[in-house]
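Asks: The sequence shown begins at 3 in the working numbering and counts up by one. Where is the CB? At the ideal position from N, CA and C, for every residue including glycine. There's a structure below that I have some questions on.
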Amino acid sequence: MLTTLSRRNLRNSTPLFTRIYGQSVEGRDLFVHGKGDLQGGTLLIGGLHGDERATILLLETFLEDYLRPASPPLGVATIPMANPDGYHRNSRYNANRVDLNRNCETNWSPASEEPPGPAPWSEPESRALRHLILEIQPSRIVSLHWALAEIDADGPQSTPLARAMWNALNEDERAPYRLRVWEDAPDEEPACTGSFGQWCGFGLRYPDGSAPATITLELPYDPLLPRPAVLPDDHLVTLAHSWATNAARYMSDVEKPIYKMLDAACGSL
């Protein structure tokens, strides 16, 4: 189910294909929309945390505004809502109260600050996403979250993609974000044990030995302010307030730079 807040009704402007790739804990279908040959293409993911509404809306509108009329050089698969049960609960977690972004096998830990599930890949949503990725073997993966305000490259193979996304922005558009690439801190401990980015960027290997360029694209907590070196403790509260009081304004402020970065991910390299 697509969100009712979308500016456009995708049911009246069907993308080239829509496919069910799995079901959630509560039996809701998991949809992937796309265009072109997906093998080795780009995969865009939103809504892994069901309460991160802007990530869902941004991919819905990108699907309608960019993907339908464009002919990207590589196939593009888009999953606007990877956690539909969490979306319907307005919850970060799935119906089992598991953080799907801590349920992957790379550096998985039962001691994670967020509930990681009883074991890696314990949840049907994360297993279905893993199966899809292993099937289509995307060369690029971009997962949208909020609100660390950064382009986070997972693994050294991801640096060229991160820099292409950064270079797609002008100086003013870069201000709310920071670029974070692996080479800047190769010995740094993983920030999120069992995260999707950790698995894709460091743990996943295709049969030919390659790994996908993987970006965790974190929306800004305030798109009108330059990103400080250290985010304020209340950055999530700030974003939650902005979203609750004027979601349309937040979307209008972040949409153009996000589009530029996704466009770069889909075709500019």
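(1) Output the boundary residues of the alpha helix (DSSP H) element that contains Arg132.
(2) Residues in its own chain within less than 6 angstroms of Arg10 by CB, not counting five upstream and five downstream?
(3) If we call anything under 8 angstroms between Cβ atoms a contact, is Ser93 one with Gly48?
(4) Could you check where the alpha helix (DSSP H) with Trp168 kicks off and where it finishes?
(5) Can you tell me the Cα-Cα spacing of Asp224 and Ala242, whole angstroms?
(6) Quick check for students: name the residue ranges of the alpha helix (DSSP H) that lie wholly in the stretch 61-92, counting only runs of 4 or more.
(7) Quick check on Lys37: buried or exposed, where buried means 16 or more other Cβ atoms within 10 Å of its Cβ?
(8) Suppose contacts are defined by Cβ-Cβ distances below 8 angstroms. Is Leu181 in contact with Ala166 by that definition?
(9) Give the DSSP-derived three-state secondary structure of Thr16 in the structure shown.
(10) Using 8 angstroms as the cut-off, can you tell me whether the stretch 209-220 makes contact with the stretch 146-157, which would need three or more C-beta pairs spanning the two stretches below that distance?
(11) Taking Thr108 as part of the alpha helix (DSSP H), name the residues at either end of that continuous run.
(12) Does the beta-carbon distance from Val100 to Gly77 come in below 8 angstroms?
(13) What whole-angstrom Cβ distance do Gln41 and Gln139 have, given they're in contact under 8 angstroms?
(14) Would DSSP call Arg30 helix, strand or coil?
(15) Looking at Thr44 and Arg142, is the spacing between their C-beta atoms short of 8 angstroms?
(16) Within this structure, are the beta carbons of Leu131 and Glu220 separated by less than 8 angstroms?
(17) Go through its chain and collect everything with a Cβ distance to Arg91's Cβ below 7 angstroms, but skip five positions before and after it.
Replies: From the atom records:
(1) 126-138
(2) Note that Arg10 scores a pLDDT of 44, beneath 50, so its modelled location is shaky and nothing firm can be said.
(3) no
(4) 161-169
(5) 10 angstroms
(6) 86-91
(7) buried
(8) no
(9) Below a pLDDT of 50, predicted positions are generally treated as unreliable, and Thr16, at 46, falls in that range; the measurement from the model is reported next regardless. DSSP places Thr16 in coil when its eight states are reduced to three.
(10) yes
(11) First-last for Thr108: undefined, no H or E at that position.
(12) no
(13) 6 angstroms
(14) coil
(15) yes
(16) no
(17) Gly52
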